[in-house]
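> Residue numbers (my numbering), protein chains in the order written: chain A, 69 to 179; chain B, 69 to 179; chain C, 69 to 179; chain D, 69 to 179.
Built from N, CA and C at the ideal position, the CB exists for glycine as well.
The structure displayed is predicted, hence computed values, not measured ones.
Starting off with a structure, shown below.
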């Protein structure tokens, strides 16, 4: 069974790329359009919490799962068309954030 | 060297979780706040293309890499706090989309 | 007949405030929730242009009218709950932008 | 002194149109780009509340004023380029919402 533990980022990049290629949708996937699509899906995810007190029942978790998947799918499309290696990008960004927010100064406190 | 090919989704979930835990930032990471954060970072990614004709030089690609990493990092935080397995969620969503957009009908045509 | 020429900003602020008050929805309209709502409606407006080449037929203009109204309605709610005078705020911001983007330097060129 | 009470929507549409025209920026203001700009400014407004408990001191109100002005300015640009009368659009939308959310059913309860 597929899970985050046995799935590489390349595996899901390939899954998404195959879906797009089969439909010849690369022509619509300009980085500009993809950036809009990521933002649109992010807003749909946010809509789940628009008037919410923060409580998450099973029905809401299911909706989060679907909308979060949509955001990540478009992120993978963006990585695919721009040739970005996400593992490297995320590792670099977390390292940069670690310098920007040193533990001793930011423990329990926010930006 | 780290790359999408040798990195599992769990690996980057763990990387991000460790960063958050070290700073005791879990208290700020309600799903509602995280959904806002994903949308805010998505807008920063979009800003790169706001007035653009779509051309992507190396400097812009570098900015896309950073902003895309930020979006995905918050998506990983959301998956971490809600216990969502992203590989499963993405696989299900792509399968649902394959039914919704059958190749014979949508080849080269969009929603 | 109502039009932008014979309608003050206060008139539409009052219209929106009356709608909210009648339903006792002030309790949901925290500035935080309203900022989310503005962003969500802005994404719905953007969705009209997601895969578009930019052509606007009458049907699309009608959708823009509806979604743009939604964005502005929540902006008016935000101004109402925070006591912001929009005319003053916009006049100040345009004046600040005029200093930031002097005509001689930015004519025909963008930020 | 300018205020929402003595300023028509047309007055602020004209103010914004003059600013854009002086800089010959109409060429960048396609409806697609403006929809992105509204969403980007909406995210900057939201950023004020990203980690907030909802408390609004004077410094935050001042930031809300500025970011809200930015959102509304781009909404006015969109109305200008598409020829939308905002007073009419808002009045229609509020009337439609009044039918969709009848007082007797939605008083104190949300969508």
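Per the contact definition of three or more C-beta pairs closer than 8 Å, is the region 144-151 of chain B in contact with the region 78-87 of chain B?
Yes: the two stretches touch, three or more of their Cβ pairs being nearer than 8 Å.
> Are the C-beta atoms of residue 165 of chain A and some chain B residue less than 8 Å apart?
Chain B contact via Cβ: present.
> Drop a sphere of 10 angstroms on the beta-carbon of residue 125 of chain B, count the other beta-carbons inside from all chains shown, and report buried for 16 or more, exposed for fewer.
It is exposed - the Cβ of residue 125 of chain B has fewer than 16 other Cβ atoms within 10 Å.
> Looking at the structure shown, is residue 75 of chain D part of a helix, part of a strand, or coil, going by DSSP?
Residue 75 of chain D: coil per DSSP, three-state reduction.
> Compare the C-alpha of residue 70 of chain B against each of A:78, A:73, A:92 and name the closest.
Among A:78, A:73, A:92, the Cα nearest to that of residue 70 of chain B is on A:78.
> Are the CB atoms of residue 81 of chain B and residue 134 of chain A nearer to each other than 8 Å?
Result no, Cβ atoms of residue 81 of chain B and residue 134 of chain A do not sit closer than 8 Å.
> Quick one: grab the DSSP three-state call for residue 121 of chain D.
If DSSP states are grouped into helix, strand and coil, residue 121 of chain D belongs with coil.
> So the alpha helix (DSSP H) residue 108 of chain A belongs to, where does it begin and stop?
It spans 99-115 - the alpha helix (DSSP H) in which residue 108 of chain A sits, taken as one unbroken run.
> Do we get a CB-CB distance below 8 Å when we pair residue 93 of chain C with the residues of chain D?
Closer than 8 Å to some Cβ of chain D, the Cβ of residue 93 of chain C qualifies, so yes.
> Measure from the alpha carbon of residue 130 of chain B to the alpha carbon of each residue in A:94, A:169, A:154, then state which is nearest.
For residue 130 of chain B, the nearest C-alpha among the options comes from A:154.
> Which chain D residues sit within Cβ distance under 9 Å of residue 104 of chain A?
Those are 100, 103, 104, 107, listed as they occur along chain D.
> Output, in chain order, the set of chain A residues within a Cβ distance shorter than 8 Å of residue 183 of chain D.
Outside the displayed span of chain D (69 to 179) sits residue 183 of chain D, for which this structure offers no information.
> Give the secondary structure of residue 142 of chain B by DSSP, where H, G and I count as helix, E and B as strand, and everything else as coil.
Helix at residue 142 of chain B.
> Specify whether the region 96-103 of chain A and the region 92-109 of chain B touch according to this definition: at least 3 beta carbon pairs, one from each stretch, less than 8 Å apart.
At 8 Å Cβ cutoff, the stretches do not touch.
> Rounding to the nearest angstrom, what Cα-Cα distance links residue 108 of chain B and residue 100 of chain B in this structure?
The alpha-carbon atoms of residue 108 of chain B and residue 100 of chain B are separated by roughly 13 Å.
> Along the region 143-171 of chain B, where does the CB come closer than 9 Å to a CB of chain D? Name the residues.
Taking 9 Å as the Cβ-Cβ cut-off against chain D, none of the residues of the region 143-171 of chain B qualify.
> Please report how far the alpha carbon of residue 132 of chain C lies from the alpha carbon of residue 110 of chain C, in whole angstroms.
Using only the alpha carbons, I get a separation of about 11 Å.
> So, using beta-carbon positions, are residue 75 of chain B and residue 72 of chain A closer together than 8 Å?
Going by C-beta atoms, residue 75 of chain B is not nearer than 8 Å to residue 72 of chain A.
> Going by C-alpha to C-alpha distance, which of A:102, A:112, A:115 sits closest to residue 115 of chain B?
Of the candidates A:102, A:112, A:115, the one whose C-alpha sits nearest the C-alpha of residue 115 of chain B is A:102.
> With 8 Å as the threshold, decide whether the Cβ of residue 111 of chain A is near any Cβ in chain B.
So yes, residue 111 of chain A belongs to the interface.
> In whole angstroms, what separates the C-alpha of residue 158 of chain C from that of residue 158 of chain B?
About 43 Å.
> Can you give me the Cβ contacts of residue 106 of chain A inside the same chain, cut-off strictly under 8 Å, excluding the 5 residues immediately before and after it?
So the list reads 139, 142, 143, 146, once near-sequence residues are dropped.
> Using a cut-off of 8 Å between C-beta atoms, extract the partners of residue 81 of chain B located in chain A.
Here the neighbours are 72.
> Give the range of the alpha helix (DSSP H) segment to which residue 173 of chain A is assigned.
Note, residue 173 of chain A: alpha helix (DSSP H), 171-174.
> Pick helix, strand or coil for residue 129 of chain A, following the three-state DSSP scheme.
Residue 129 of chain A: helix per DSSP, three-state reduction.
> Nearest chain C C-beta to residue 115 of chain A closer than 8 Å, yes or no?
So, interface residue.
> Just to confirm the assignment, what range does the alpha helix (DSSP H) spanning residue 158 of chain A have?
Residue 158 of chain A -> alpha helix (DSSP H) spans 154-168.
> Helix, strand or coil for residue 70 of chain B per DSSP?
It is coil, neither helix nor strand.
> Report yes if the CB atom of residue 185 of chain D is closer than 8 Å to the CB atom of residue 92 of chain C, and no otherwise.
The structure shown does not extend to residue 185 of chain D, since chain D is modelled only from 69 to 179, so the question has no answer here.
> Can the beta-carbon of residue 152 of chain B be found less than 8 Å from the beta-carbon of residue 113 of chain A?
Not a contact, by the Cβ cut-off of 8 Å.
> Pick from D:156, D:118, D:104: whose alpha carbon is nearest that of residue 117 of chain B?
Nearest of D:156, D:118, D:104 to residue 117 of chain B, Cα basis: D:104.
> Three-state secondary structure (DSSP) at residue 92 of chain D?
If DSSP states are grouped into helix, strand and coil, residue 92 of chain D belongs with coil.
> So with Cβ pairs under 8 Å, would you call residue 96 of chain C a contact of chain A?
True, the Cβ-Cβ gap to chain A drops below 8 Å.
> In chain order, what residues of the same chain have a beta carbon less than 7 Å from the beta carbon of residue 128 of chain A, not counting five sequence neighbours either side?
These residues qualify, in order along the chain: 116.
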